[in-house]
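Numbered continuously in my numbering, the sequence shown closes out at residue 116. Ideal placement from N, C-alpha and C gives every residue a C-beta, glycine not left out.
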Amino acid sequence: MKNISDLYKVVKSLKVSEKSARENERNTFVFEVDNAANKRSVADAVELFFNVKVKRVNTVITKGKKKYFRGSVGVRSNVKKAYVTLADGYSIDAFGAE
């Protein structure tokens, strides 16, 4: 396991969207993670911060879009997402429902 201070930099946020809500039904949660993070460090961070058992981690890099603003071209940053599937019996309260 990595140093705990390094794990704080791995997971940036929990993504909440219609697609991630559908994934939550299958006990899979979507996190925005650091571009340099690997699957093992993502699993370690999620297990540490949310006190759950991770079954599987899949990562996806979404390429940044090209955008035009006042005649000049800019590029948005690439975003790495991790689809984290939890073991049976574990869950994360993603929406704060009681």
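Asked, Found
"Leu-32 versus Val-51, Asn-45 and Glu-43, residue with shortest Cα-Cα distance", "Val-51"
"Among Glu-36, Ala-100 and Arg-44, the one whose alpha carbon lies nearest that of Gly-107", "Arg-44"
"Among Gly-89, Lys-83, Thr-46 and Asn-53, nearest to Val-70 - alpha-carbon criterion", "Thr-46"
"Alpha helix (DSSP H) segments (min. 4 residues) lying fully within the stretch 39-82", "57-68"
"The stretch 24-43 contacting the stretch 75-89, beta-carbon criterion three pairs below 8 Å", "no"
"Close Cβ partners of Glu-65 (< 6 Å) along its chain, the five nearest in sequence each way excluded", "Val-72"
"N- and C-terminal bounds of the beta strand (DSSP E) containing Phe-31", "Reading off the sequence, residue 31 comes out as Ser, not Phe. Its beta strand (DSSP E) spans residues 29-32."
"Opposing strand residues paired with Gly-92 [DSSP bridges]", "Lys-85"
"Sub-8 Å separation of Ile-110 and Phe-68 beta-carbons", "yes"
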